[in-house]
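Enquirer: In this note's numbering, the protein residues as written are 1260 to 1321.
Yeah, the Cβ is synthetic: ideal placement off N, Cα and C, and Gly gets one too.
All figures in this text were calculated on a predicted structure; none of them were measured in a lab.
Structure incoming, see below.
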Ligand SMILES: [Zn+2]
């Protein structure tokens, strides 16, 4: 499924989103990503990045 690029910094696919300090949702999602990477599940890593970007676009727009 093609994804439309958005003119938004956090959606840059070349940069992994990092957790926003103090946000438990970011922390949880970034831990999921760490766990996925540690077990070599790169499709789950990618999913976690998508979820983290989506969450940050909704919750941390500046
Ligand atoms: Zn967050």
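Quick one: grab the DSSP three-state call for residue 1283.
Expert: Indexing the chain shown from 1 puts residue 1283 at position 24. Residue 1283: helix per DSSP, three-state reduction.
Enquirer: With residue 1286 and residue 1310 assumed to form a contact (beta carbons below 8 angstroms), what rounded beta-carbon distance in angstroms separates them?
Expert: Within the chain shown, the letter at position 27 stands for residue 1286. Within the chain shown, the letter at position 51 stands for residue 1310. Incorrect: roughly 13 angstroms between the Cβ atoms, too far for contact.
Enquirer: For ligand 1, list every residue whose C-beta falls under 6 angstroms from any of its heavy atoms, going in chain order.
Expert: 1279, 1282, 1284, 1285, 1314, 1315, 1318 and 1319
Enquirer: Round the Cβ separation of residue 1292 and residue 1316 to the nearest angstrom and send it over; I've been treating them as touching at under 8 angstroms.
Expert: In the chain shown, the residue the question calls residue 1292 occupies position 33. In the chain shown, the residue the question calls residue 1316 occupies position 57. Not a contact, Cβ separation roughly 16 angstroms.
Enquirer: Find the nearest neighbour of residue 1274 within the set 1284, 1295, 1281 and 1305, judged by alpha-carbon distance.
Expert: Here residue 1274 corresponds to residue number 15 of the chain shown, with the count starting at 1. Out of 1284, 1295, 1281 and 1305, 1305 has the C-alpha closest to the C-alpha of residue 1274.
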